[in-house]
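Visitor: Can you read through this structure? Questions will come right after.
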Amino acid sequence: MIDKKNITGIVLAGGKSSRMGSDKGLLKMNGKTFVEHVIEAMKPLVDEIVIVSNNPEYDQFGFYRVEDDIKDSGPLAGLYSGLKHSKTNYNLVLSCDIPMIKTEILKKLVEADYENYEVTQVESHNKTMPLIAIYQKQCMHKCLELLQQGERRLRVAVNQLKTKTISIDSELDPFVKNVNTKEDLKTINHAIEH
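Count along the sequence shown starting at 1, add 4, and that's the number in the working numbering.
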């Protein structure tokens, strides 16, 4: 395992979600924003944290924030910008909409044999999760190439990279669930309260 000094944490905070009507990373669960929950989970495993967002409100968290180099091109552009600004070869990349994420899940990535792969991602219920993954910095070249071709989907890039997938135990599934709708948010808040 590489020591944490060689891993940068990258949080893709995107922008306004059409389904939520607001910036997902700034929504609250249990009194903290989603992005704070995500940072808390990755912090023990990384040396530095970078937030990719065009929204200056993220500056309040005290981490280095970078804007998308290629505007309005989705998570692929966010990943490209994060990797471009990272100072390390290995990068733990998470989306901001997984507020239940736990360090123990991320540890499975960090303890995997990720040095031999460009991408090491989590899988839950046979669904791969390219936004809970470790990316080598060199992946930014494939991201840029695809962005220049008009591609915006992250999965297209991941399918063209040397990828390892790590399945997580079914009892951890709820912790990798992303919040996409107001209904999802209600469900998560209800589960916490009961």
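Ideal Cβ positions, reconstructed from N, Cα and C, are used throughout, including at glycine.
As the structure is a prediction and not an experimental result, all values here were calculated from the model.
Applying the criterion that 16 or more other CB atoms from any shown protein chain within 10 Å of the CB defines a buried residue, is glutamate 122 buried or exposed?
Guide: That one is buried.
Visitor: Kindly list the residues whose CB is nearer than 6 Å to the CB of serine 99, restricted to its own chain and excluding five residues on each side of it in sequence; keep chain order.
Guide: Hits under 6 Å: Leu16 and Leu135.
Visitor: Can you give, in chain order, each stretch of the alpha helix (DSSP H) that sits fully within the segment 114-147 and has at least 4 residues?
Guide: The qualifying runs do not exist here; there are none.
Visitor: So, do the segment 147-155 and the segment 117-133 have three or more beta carbon pairs nearer to each other than 8 Å?
Guide: Cβ pair count under 8 Å is below three, so no.
Visitor: Between isoleucine 74 and the rest of its own chain, which residues show a CB-CB distance below 6 Å, the 5 nearest in sequence each way excluded?
Guide: So the list reads Ala81 and Leu151, once near-sequence residues are dropped.
Visitor: DSSP three-state label for serine 174, please.
Guide: Reduced to three states, the DSSP call for serine 174 is helix.
Visitor: Around the Cβ of lysine 91, are there at least 16 other Cβ atoms within 10 angstroms (buried) or fewer (exposed)?
Guide: By the 10 Å Cβ count, lysine 91 comes out exposed.
Visitor: So for aspartate 72, helix, strand or coil by DSSP?
Guide: In the structure shown, aspartate 72 sits in coil (DSSP, three-state: anything other than H, G, I, E or B).
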